[in-house]
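J.:
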Amino acid sequence: MTPTMEAYQSAKDHKILDWLRLSINLYEMKSCLAQGYPFTFGAELFDSFGQAIRSGVVPMPSAAEL
0 MTPTMEAYQS
10 AKDHKILDWL
20 RLSINLYEMK
30 SCLAQGYPFT
40 FGAELFDSFG
50 QAIRSGVVPM
60 PSAAEL
């Protein structure tokens, strides 16, 4: 799905001006949110993670995925 033109126009007012790397620390993440600083994060997932869509269970990665 492609964002609407309205979404693109609205996004122009919300550009990232600066960034900071966070520690993987729940207290630090909560502190950022409490101060009004949103954050994003990413994670590398194994291919088998997609099986959870069908089964609802995330399997352990296979030896080939490690």
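When the letters of the sequence shown are read in order and numbered with numbering that gives the first Met the number 0, they come out as residues 0 to 65.
Beta carbons are placed, not taken as given, at the ideal position from N, Cα and C, and that holds for glycine.
List in chain order: all unbroken alpha helix (DSSP H) runs of 4+ residues lying wholly within the region 21–54.
T.: Listed in chain order, they are 25–33, 51–54.
J.: For Glu64, I'd like the list of residues in its chain whose CB is within less than 8 Å of its CB, leaving aside the five on either flank, ordered along the chain.
T.: Closer than 8 Å at the Cβ level, and outside the excluded window around Glu64, lie Phe45, Asp46, Ser47.
J.: Can you list, in chain order, the residues of its chain whose CB lies under 7 Å from that of Pro60, leaving out five sequence neighbours each side?
T.: Phe45, Ser47.
J.: When you compare each of His13, Cys31, Leu25, Ala10 to Leu19 by their alpha carbons, which one comes out closest?
T.: Comparing Cα-Cα distances from Leu19 to each of His13, Cys31, Leu25, Ala10, the minimum goes to Cys31.
J.: Tell me the rounded alpha-carbon separation between Ile15 and Gly49.
T.: Roughly 31 Å between the two C-alpha positions.
J.: In angstroms with no decimal places, state the Cα-to-Cα distance between Met4 and Ala10.
T.: When rounded, the distance between both Cα atoms is 10 Å.
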